[in-house]
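Q: Sequential numbering of the sequence shown, starting at 619, is according to the numbering used here.
Here a beta-carbon is modelled for each residue, glycine too, at the ideal position from N, C-alpha and C.
Okay, here's the structure, questions in a sec.
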Amino acid sequence: MKDTKIMIIGTGGTIAGTGNGSSALTEYRAGSIGIDDLMQAVPALNEYGPFESVQFSNIDSSEMSPYRWVRLALLVNEVAERDDIGGIVITHGTDTMEETAYFLQLTVHTKKPVVMTGSMRPATALSADGPVNLLQAVQVARSESAIHQGVLVVMNGYIDSGREVAKLHTTDVATFGNAQLGHMGCIQNGKAYFYYTPCRKHTSDSEFILREEVELPQVGIVNLYGGMDTEILTMVASRSQGLIVGGFGHGTLPQAVRDTLKKITIPKVRSSRIGNGIVSSNSSDVKEGFIVSDSLSPVKARILLMLALQQERSREDLESLFALY
């Protein structure tokens with residue numbers, strides 16, 4: 619792999635952010651620094667070259683959208699097909715990194731390492747975490763152990779799968795992880811160590827193929843709360859082609875919510891607002907037309923449903939897809 623290039627794709631985020639001083643940790647301008655300048659700020663990267671870079675975007679990741687996901691997936695697939703590219707690193711804001719990672723996990727068709735990274739502190743902050751995260755992402759992308767592991771997220775010395783990873787803290791540099799399975803691996807002294815491999819279909823094994831820019835179906839999310847006005851469900855469903863319902867606990871739905879959802883005929887996925895653990899099927903799901911999200915959080919269930927609806931899959935297919943991916 620050493621004879622090939624690592625492609626570094628910049629999309630913006632806090633890692634490319636600047637503040638008014640070294641103590642500005644939460645007030646800063648995300649997406650202010652170009653990817654080439656980020657790379658130049660980490661001289662240790664030279665040990666892991668050669669590199670090529672491209673500035674896909676330079677945005678706050680709260681501005682990431684399905685439209686941008688599709689374009690990014692097309693770019694990554696195009697780059698991955700090149701014989702001179704051995705791995706790909708994507709710098710990204712942390713707010714939607716878990717969503718982008720799962721989208722790419724489903725739509726990038728390569729066994730080559732695809733690694734996402736970012737930072738919780740802007741580049742101008744004291745003890746900024748971006749430089750070491752970028753370095754370690756490159757180290758993972760250079761590792762043969764990272765081949766066919768799916769899309770990976772590398773932050774704070776740890777490796778997580780694009781399917782399971784979640785942002786767990788608003789400001790902590792150790793924000794990314796997975797409360798259910800633990801980290802997939804870690805980086806120590808420049809070496810990537812993996813503890814387990816993904817067991818769900820991903821990347822080169824995925825059946826979700828994007829060959830051109832497409833407009834993905836609108837899928838809405840409604841997370842329940844005590845005493846919720848169920849008309850919210852009707853309103854969101856009227857503007858959507860699919861609906862994710864984040865229920866209480868094990869995806870529990872109050873009777874008023876169930877009664878409203880029975881009248882909604884678009885595909886409906888029962889998930890949990892908790893975002894950790896499995897939502898399994900029960901006897902009411904088939905009668906009431908629900909698909910269960912398995913261990914996918916509402917935001918990730920939305921991504922899988924969008925891609926499935928793009929292919930006009932049947933309800934039976936949707937059930938199997940949530941078990942496979």
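Going by DSSP in three states, residue 774 sits in which element: helix, strand or coil?
A: In this structure, residue 774 counts as coil in the three-state DSSP scheme.
Q: Out of curiosity, what's the CA-to-CA distance linking residue 711 and residue 761?
A: Each residue's Cα considered, the two are about 24 Å apart.
Q: Name the residue from 752, 795, 733 whose alpha carbon lies nearest to the alpha carbon of residue 894.
A: Selected option, being the one with the closest Cα: 795.
Q: Going by DSSP, name the residue or residues bridged to residue 735.
A: BP columns for residue 735 point to 709.
Q: Provide the residue(s) that pair with residue 779 in DSSP beta bridges, ordered along the chain.
A: 770, per the DSSP bridge assignment.
Q: Which of helix, strand or coil does DSSP assign to residue 620?
A: Coil.
Q: Once DSSP output is grouped into helix, strand and coil, what is the label at residue 670?
A: Three-state result, residue 670: strand.
Q: Which of helix, strand or coil does DSSP assign to residue 826?
A: It is coil, neither helix nor strand.
Q: Can you check DSSP and say which residues form a bridge with residue 794?
A: 785.
Q: Looking at residue 805: is its Cβ nearer than 9 Å to the Cβ of residue 814?
A: No. Outside cutoff.
Q: Mapping DSSP to helix, strand and coil, what is residue 921?
A: Reduced to three states, the DSSP call for residue 921 is helix.
Q: Does the beta-carbon distance from residue 634 to residue 748 come in below 9 Å?
A: Yes; because the gap between Cβ atoms is below 9 Å, this pair is in contact.
Q: Please state whether DSSP places residue 639 in a helix, a strand or coil.
A: Residue 639: coil per DSSP, three-state reduction.
Q: Along the beta strand (DSSP E) that carries residue 806, what are the first and last residues, could you check?
A: 803–806 is the extent of the beta strand (DSSP E) around residue 806.
Q: Name, in chain order, the residues that DSSP records as bridge partners for residue 810.
A: Beta-bridge pairing links residue 810 to 805.
Q: Starting from the C-beta of residue 705, find all residues in its chain whose C-beta is less than 6 Å away, skip the five residues before and the five after it, and write them out in chain order.
A: For residue 705, where only same-chain residues beyond five positions count, the Cβ hits under 6 Å are 624, 730, 731, 759.
Q: Identify whether residue 914 lies in helix, strand or coil by the three-state DSSP scheme.
A: Coil, per DSSP.
Q: What's the gap between the Cα of residue 833 and the Cα of residue 685?
A: Distance between the alpha carbons of residue 833 and residue 685 is about 7 Å.
Q: Which partner residues of residue 593 appear in the DSSP bridge assignment?
A: The structure shown does not extend to residue 593, since the chain is modelled only from 619 through 943, so no value can be given for it.
Q: Any contact of the stretch 904–912 with the stretch 840–857, i.e. 3+ C-beta pairs under 8 Å?
A: Judged by Cβ distances under 8 Å, the stretch 904–912 makes no contact with the stretch 840–857, as fewer than three pairs qualify.
Q: Leaving out five residues before and five after residue 627 in sequence, what residues of the same chain have Cβ atoms less than 6 Å from its Cβ?
A: Around residue 627: 672, 674, 708.
Q: Which residues bound the alpha helix (DSSP H) around residue 838?
A: It is not in any alpha helix (DSSP H) - residue 838 instead sits in the beta strand (DSSP E) that spans 837–841.
Q: In angstroms, rounded to a whole number, what distance separates the CA positions of residue 889 and residue 663?
A: Roughly 41 Å separates the two Cα atoms.
Q: What span of residues does the alpha helix (DSSP H) with residue 939 cover, start to end?
A: Its alpha helix (DSSP H) spans residues 933–942.
Q: What residue does the beta strand (DSSP E) around residue 693 start on, and which one ends it?
A: Unbroken run through residue 693 is the alpha helix (DSSP H), 684–698; no beta strand (DSSP E).
Q: By Cβ distance, which residues of its chain are closer than 8 Å to residue 739, with the 5 residues on each side in sequence left out?
A: Contacts found: 632, 643, 745, 746, 747, 748, 791.
Q: Verify whether the separation of the beta carbon atoms of residue 919 and residue 828 is less than 9 Å.
A: Their beta carbons are not under 9 Å apart, which means residue 919 does not touch residue 828 by this criterion.
Q: Suppose you measure from the CA of residue 854 to the CA of residue 840; what does that come to, to the nearest Å?
A: Cα to Cα, residue 854 sits roughly 8 Å from residue 840.
Q: Roughly how far, in whole angstroms, is the beta-carbon of residue 743 from the beta-carbon of residue 640, given that I think they are within contact range, below 8 Å?
A: Contact holds; Cβ gap of about 6 Å.
Q: Report yes if the CB atom of residue 569 is closer than 9 Å to the CB atom of residue 714, and no otherwise.
A: Since the first residue of the chain shown is 619 and the last is 943, residue 569 is not available in this structure.
Q: Nearest-angstrom Cα distance between residue 787 and residue 779?
A: Their backbone Cα atoms lie some 18 Å apart in a straight line.
Q: Tell me residue 887's beta-bridge partners as DSSP assigns them.
A: According to DSSP, which records beta bridges pairwise, residue 887 is partnered with 862, 909.
Q: Which word fits residue 800, buried or exposed, when buried means at least 16 other C-beta atoms lie within 10 angstroms of its C-beta?
A: Under this definition residue 800 is an exposed residue.
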